[in-house]
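In what follows, a single structure is set out as C-alpha cells and then discussed.
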Amino acid sequence: MTGYPFDWSPCMGCTCPNHYPPSHVFPSVRRTLDDPNLARLMRSNDEPIEREVHTLRAMMTSYETEILDINTAEPRLAQFIFHMKNRISLARQELDALRQERKHIHEAIVERRRLLHPIRRLPTEILLRIFRSTIEFPISRSITMWNDHWDFHPTANTLWSIERVCKLWRTVALPFPELWSSINIIINDDSFGDDSYGNTYIPRLVIQLHRSKNYPLELSVWNDDENSHFTKFPPALTAFLYSFCTRVECLHLYLTSEMFCALPSLHLSFPSLKGLCIFPTDAEAIDGYENLDLFPCPLLRRLHVVEVSHVSHSLRLPWTQITHFSSEYGLYGSEAPPRPKPVLDLMRKFTRLEECHLRIEPSHIDHLKMELPKYIPLVQLFDRLTLPALKELQVSCGREDLLDSDDTFIAIHDLLNRSGPPAISVLHFNHAEVLADEFLNVFRTCPTLEDIRLTSVNKGAIRGETLLQLTLKVDSTAPLVPHLRILYISGKMSFDMQAFVDMVESRWTLTHVQTPPLRRLSEVNLCRFIDVNDGQYEDEYEVWSASQYFLLLMFTRSKEWT
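First residue of the sequence shown? That's 8 in our numbering, and the numbers climb one at a time after it.
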C-alpha cells in the first residue's frame, strides 16, 4: 500500500452536473384537468369545439415531447446507476483492502514487539528457574473418583523441546546439570521393545545422564501395568541403572510386588540415597512378602510408602537411620489401612524419627459409633510412642460430626512429656476436645514451640487464664513459649476478646524489653464459631484493633455445626 493517498476524500462541493444525477420536478397538472375551458367536457359528452380540439392536441404533443425526453434520460440514469454501483463495489473492495492491511500492520507490530520481549533480556539465572519449573518429577499420580485404582500421568521431558526453541535457550539449558538430573523411566513394551522407539529410549536417557554430569540424581521408575509384560527390570534398564545408581539421592519406585521381589537379585546399590518412595501398584500383594532387602542404602533418611500396610514386615531397610516417614493409602478394602499394631511395630524401629505423617482411621464411622464407642486409634498409638527428636506434630481427628474426646490431646501431652520433651517447634491440632489446663501444660512442657494451630476445638479449650499466661510482662516474669510467632485459634470461644487483643499487643510491643529479646508474633488467625441464633458480634472491633501492628489478621464468621 505504499503511496496510497491517505488524504483522499470524496468531492462534495463541486457543482459539475456530471457528479450528481439531475433533479426533476414534475407538475401535477397532467393528472388533473384544471383548465376551465375544458372542464365542461369532463362533465358531459359534448363534442369539443375547434378551439378545444387545438388545445387538447397541443397538450398531447407537449406530453409526447416530455416522454421522449424521459426516454432519453432514463438510460442515462441507468448508466449512471451502473457506474455508481461499480464505484461502490470498487470502494467496498478498497475498504476491505484497507481493513486487511490494518490487520497486517497490527500483526507486524506484534511481531516486532515480540523481538523486544523482556524474556530475551532475562538473565541466565531466571531462565534456569523457569526451565526447572517445567520439569515434572516424579511421575504424577492420582486416585480415581471411585477409589478403585491409581492413575499415573507421565509427561514428556520438556527439556528436549526447550533446547530446540532457540540458540540462547539451548546454550543455557545444556551446560546446567541440575536441569537434567531428574530422570523419569517408564517400563512398557514400547520403551523396551525391538522397534525404532524402543531402540532409542535408553540412548536418549543416556544423553540426559551425560548432560547431568556429576550432579546428584533423582530417579522415578514406573511399570505401566496395562502396557507391560515385564515381571522384572528389562536387561537394558538394569545395565543402565548400574552406570549411575551410586549418584541417586532420591528414588521413587512404582512397581508391581513381583518386581520389588526381584530387585534384590539385581544387586543394585544406592550408597548416596537419602529419600525413597515405595509404591506397589498391585497394592495389598506386597503384604505377602517378608523382609525384602531391596538394596543397600546406608544414607537413607526419608521414607514414603503408598499402599503398604505392614511396612516393617514386608521390607528390610535401615530403620534406625530414618528421620522422616510418611504413608499414603487410597485403595480401601474392608478396612482402612494401616491398623495401629503394624504402625506401632514400625515406630519401635524408628529411633531417630523427627517427622512422621500418618493417617489412621476406622473404615466405617457409623459402625464405630454403634459398637466401638471407646475405640480411639490415635490414643492407642500416642500412648506407645516416644519421639525424642520430634520437631513437628500435626494431628487432625477424623470424626466429621462430633469432636473427638479430650483423651487424644491428653495422650499428645503425655507423649511430649515422655519424649524428653523434644525440641518441637510446630504443633497443629484439629477437631477435638481440649482441656484448658492441658493446653497450658503443653506450653510449659514445650517452650520451643513457634507455630501453634489449635483449630475447631471446644468452647473451654482457651480461657482468659491461658491468654494471660501468654501475655508478655514488663517485669522479670519468664515468658511462656517465648519463640511463638504463628498462632491459629478456631472454635467456640468463651474468653474476653480484650484479653486476646492485650496478648497480641504484648507479643508485638514488649518483645524488645524481654531478656533476651524475643521474636514478634507475626501471624494470627482467629475464627470464632457461634450458634446461629446468638448474634453476638459486639466485641469484633476489639479484635480488629490488633491490625495496627501489621499482623496478618484474618477474620471469618462460621456457623457452629453441632
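Where a beta carbon is used, it is the ideal one built from N, C-alpha and C, also for glycine.
Since we're looking at a predicted model, the values are computed, not measured.
* Asked: Under a Cβ-count criterion, where at least 16 other Cβ atoms within 10 Å of its own Cβ denotes burial, should Asp411 be classed as buried or exposed?
  -> The residue given as residue 411 occupies position 404 in the sequence shown. Looking at its Cβ environment, which holds 16 or more other Cβ atoms inside 10 Å, Asp411 is buried.
* Taking C-alpha atoms, which residue in Asn437, Leu394, Ile88, His259 lies nearest to Asp421? -> Taking the sequence shown and counting its residues from 1, the one referred to as residue 421 is at position 414. Residue Leu394 is the option with its Cα nearest to Asp421.
* To do: Please list, in chain order, all residues of the same chain as Ala468 whose beta carbon is under 8 Å from its beta carbon, the five residues on each side excluded.
  => For this step, residue 468 is matched to residue 461 along the sequence shown. Here the set comprises Glu440, Val441, Leu442, Ala443, Phe446, Leu461, Gly498.
* Going by beta carbon distance, what residues of the same chain come within less than 6 Å of Val402, once the five residues before and after it are set aside? -> As a working mapping, residue 402 is identified with position 395 in the sequence shown. So the qualifying residues of the chain are Phe436.
* Is it buried or exposed for Ala290, if we count other Cβ within 10 angstroms and need 16 for buried? -> Taking the sequence shown and counting its residues from 1, one reaches residue 290 at position 283. Ala290 is buried by the Cβ-count criterion.
* Asked: Excluding sequence positions up to five away, which residues of its chain have a Cβ less than 7 Å from the Cβ of Thr478?
  -> In the sequence shown, the residue the question calls residue 478 occupies position 471. Only Asp509, Met510, Ser513 meet the Cβ criterion.
* **Rounded straight-line distance, which links the Cα of Ile146 to that of Thr162** => By one-based count along the sequence shown, residue 162 stands at place 155. By one-based count along the sequence shown, residue 146 stands at place 139. If I take the Cα positions, the gap works out to 8 Å.
* Do Val481 and Leu517 have their C-beta atoms closer together than 8 Å? -> As a first step, residue 481 must be located in the sequence shown, where it is residue number 474. As a first step, residue 517 must be located in the sequence shown, where it is residue number 510. Result yes, Cβ atoms of Val481 and Leu517 sit closer than 8 Å.
* To do: Report yes if the CB atom of Ile293 is closer than 8 Å to the CB atom of Phe237, and no otherwise.
  => For the purposes of this step, residue 293 is identified with residue 286 of the sequence shown, where counting begins at 1. For the purposes of this step, residue 237 is identified with residue 230 of the sequence shown, where counting begins at 1. Cβ distance not < 8 Å, so Ile293 and Phe237 don't count as in contact.
* Asked: Whole-angstrom Cβ separation of Leu48 and Glu59, contact assumed at under 8 Å?
  -> Residue mapping note: residue 48 aligns to position 41 of the sequence shown, counting from 1. Residue mapping note: residue 59 aligns to position 52 of the sequence shown, counting from 1. Yes, Leu48 and Glu59 are in contact; Cβ-Cβ is about 7 Å, under 8 Å.
* Pick helix, strand or coil for Ala439, following the three-state DSSP scheme. => Counted from its first residue, the sequence shown places residue 439 at position 432. DSSP places Ala439 in strand when its eight states are reduced to three.
* Helix, strand or coil: which one does DSSP assign to Gln134? -> Here residue 134 is taken as the residue at index 127 of the sequence shown, counted from 1. It is worth fixing the name first, because residue 134 is Leu in this sequence and not Gln. Reduced to three states, the DSSP call for Leu134 is helix.
* To do: Reducing DSSP to helix, strand and coil, say where Cys268 ends up.
  => Taking the sequence shown and counting its residues from 1, the one referred to as residue 268 is at position 261. Here Cys268 sits in helix by DSSP.
* Asked: Under a Cβ-count criterion, where at least 16 other Cβ atoms within 10 Å of its own Cβ denotes burial, should Pro429 be classed as buried or exposed?
  -> What you label residue 429 is simply residue 422 of the sequence shown in a count that begins at 1. So Pro429 ends up on the buried side.
* Asked: In the region 178-239, which residue ranges form an unbroken beta strand (DSSP E) of at least 3 residues, counting only runs that do not cross its ends?
  -> 189-194, 224-230
* To do: Check whether the Cβ atoms of Arg254 and Lys281 sit closer than 8 Å, and answer yes or no.
  => Sequence index remark: in the sequence shown, residue 254 carries index 247 (1-based). Sequence index remark: in the sequence shown, residue 281 carries index 274 (1-based). The answer is no: Cβ separation not under 8 Å.
* **Of the listed residues Ile459, Ser219, Arg492, Val228, nearest to Ser529 (C-alpha basis)** => By one-based count along the sequence shown, residue 529 stands at place 522. Here the closest residue by C-alpha is Arg492.
* Segments assigned alpha helix (DSSP H), at least 4 residues, entirely inside the region 259-319 -> 264-269
* With a threshold of 16 other CB atoms inside 10 Å of the CB of Ser168, please say whether the residue is buried or exposed. => In the sequence shown, counting from the first residue as 1, residue 168 sits at position 161. Exposed, by the Cβ-count rule.
* Just checking my contact of Glu256 with Leu307 at CB under 8 Å: how many whole Å lie between their CB atoms? -> Residue 256 sits at position 249 when you count from the first residue of the sequence shown. Residue 307 sits at position 300 when you count from the first residue of the sequence shown. That pair is no contact at about 10 Å.
* Asked: What distance in whole Å lies between the Cβ atoms of Pro184 and Ser219, which are believed to be in contact at a cut-off of 8 Å?
  -> Against the sequence shown, residue 219 aligns to sequence position 212. Against the sequence shown, residue 184 aligns to sequence position 177. Indeed they touch by this definition, with Cβ atoms about 5 Å apart.
* Roughly how many angstroms lie between the CA atoms of Glu170 and Ser188, to the nearest whole one? -> Taking the first residue of the sequence shown as position 1, residue 170 is located at position 163. Taking the first residue of the sequence shown as position 1, residue 188 is located at position 181. Each residue's Cα considered, the two are about 15 Å apart.
* **Buried or exposed by the 16-neighbour rule on C-beta atoms within 10 Å, applied to Ser140** => As a working note, residue 140 is residue 133 in the sequence shown. Exposed: under 16 other Cβ atoms inside 10 Å.
* **For Val488, the residue or residues it bridges with in DSSP** => Locating residue 488 in the sequence shown gives position 481, where the first residue counts as 1. Val488 pairs with nothing; no bridge assigned.
* Top-ranked residue by Cα proximity to Phe144, from Lys239, Val228, Pro287, Ser250 -> As a first step, residue 144 is located in the sequence shown; it is residue number 137 there, counting from the start. Considering only alpha carbons, the answer is Val228.
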